[in-house]
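Throughout the sequence shown, residue numbering follows our numbering, covering 6 to 208 in sequence. Have a look at the structure below, then the notes.
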Amino acid sequence: MKYQEAWKRIVTDSLQRFAEKDPRVKKLLEFLEKNAFFSIARGPVVTQHLMTDPKEMEKMGRPEAFEVVFMPSQFAQRMPSAILTESGGKTVRLAANFTVKEWLGVLLSHELSHVWDQLVDKEQSGNRQEYLKGEVKAHLMERDLLKAWGPQQFEALVKEGGKAAQAGNYKAFFEIANRYFPLEELSVHEQALAFASCLTSVI
């Protein structure tokens with residue numbers, strides 16, 4: 006139970022770092038607090054919900070309710086990505102080994118944008134046009150959050166990394182991005198998402 010509560014605080018703190026800077030994140034944080042219930046993985050698929058707040062039982066009956074599953078390291082390493090949205094927005098799996106709260110805030114905001122699209126705006130996941138529209142919206146928000154995190158760093162990243170990105174020189178781009186945003190010390194899956202966030206934002 007302490008593990009679950011600790012990660013709930015980490016998630017909230019990570020989003021709060023951007024909520025005052027971006028109204029979209031504030032909306033997503035409020036959406037999370039109103040509709041999310043939290044679980045811990047007991048296997049690659051099986052989860053266990055530990056009731057720490059009586060209000061969480063009420064959340065489960067809402068049409069916009071969704072589960073946030075904290076994936077301990079032994080299961081997180083099998084995940085194809087450090088954060089996944091599944092079951093039409095009803096489940097978000099989060100690798101519980103994020104080391105930088107700002108990255109968690111940026112990347113979780115992206116996934117919560119998809120949850121909002123699917124549960125609130127009723128995006129049809131099989132509709133390619135709607136799916137791509139949601140991806141573009143989420144990536145533009147990521148770009149704006151990187152700017153909010155470090156305006157000067159982001160400007161330098163675009164200026165110095167733009168040519169490397171356009172040329173497809175990802176090794177050089179990684180070295181440039183790592184000068185301005187923490188990448189090297191991240192877990193493998195966290196690093197992959199963070200690098201992709203930098204690259205997509207610059208492109």
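Cβ coordinates follow ideal geometry from the N, Cα and C atoms, glycine included.
- By the criterion of at least three beta-carbon pairs nearer than 8 Å, the segment 111–124 is in contact with the segment 30–46.
- Between Ser114 and the set Gln9, Gln158, Ala199, the nearest pair of CA atoms involves Ala199.
- Residues of the same chain with a CB within less than 6 Å of the CB of Gly110, apart from the 5 flanking positions on each side, are Ser19, Leu20, Arg22, Phe23 in chain order.
- Within the model, the alpha-carbon separation for Pro85 versus Lys164 is close to 31 Å.
- With distances taken between CA atoms, Ile15 lies nearest to Ala100 out of Gly139, Thr96, Ala100.
- Judged by DSSP secondary structure, Phe200 falls within the alpha helix (DSSP H) whose first and last residues are 193–207.
- Secondary structure at Ser130: coil, using DSSP grouped into helix, strand and coil.
- Inclusion of Val207 and Ala170 in the CB contact set at 8 Å is warranted, their separation being smaller than that value.
- For Asp149, the number of other beta carbons within 10 angstroms of its own is at least 16, and it is reported as buried.
- Assignment of Val73 by DSSP, reduced to helix, strand and coil, places it in the strand class.
- One thing to note: Phe178 has its Cβ no nearer than 8 Å to the Cβ of Leu188.
- Here the C-alpha atom of Lys26 lies approximately 15 Å from the C-alpha atom of Thr17.
- Take Gly93, set aside five residues on each side of it, and the residues of its chain with a beta-carbon closer than 7 Å to its own are Gln123, Ser130, in chain order.
- Beta-bridge annotation (DSSP): Thr90 is paired with Val97.
- In this structure, DSSP gives Phe103 a state outside helix and strand, which the three-state scheme calls coil.
- When the alpha-carbon of Pro77 is set against those of Leu137, Gln134, Tyr185, Gln9, the nearest one is in Gln9.
- For Phe186, there is no enclosing beta strand (DSSP E), since its DSSP letter is neither H nor E.
- Comparing C-alpha distances from Trp108 to each of Ala11, Glu195, Val97 shows the shortest one belongs to Glu195.
- Our two residues, Asn132 and Glu91, have alpha carbons roughly 16 Å apart in a direct line.
- Around Val97, the same chain offers Val73, Thr90, Glu116 as residues with beta carbons nearer than 6 Å, after the five sequence neighbours per side are excluded.
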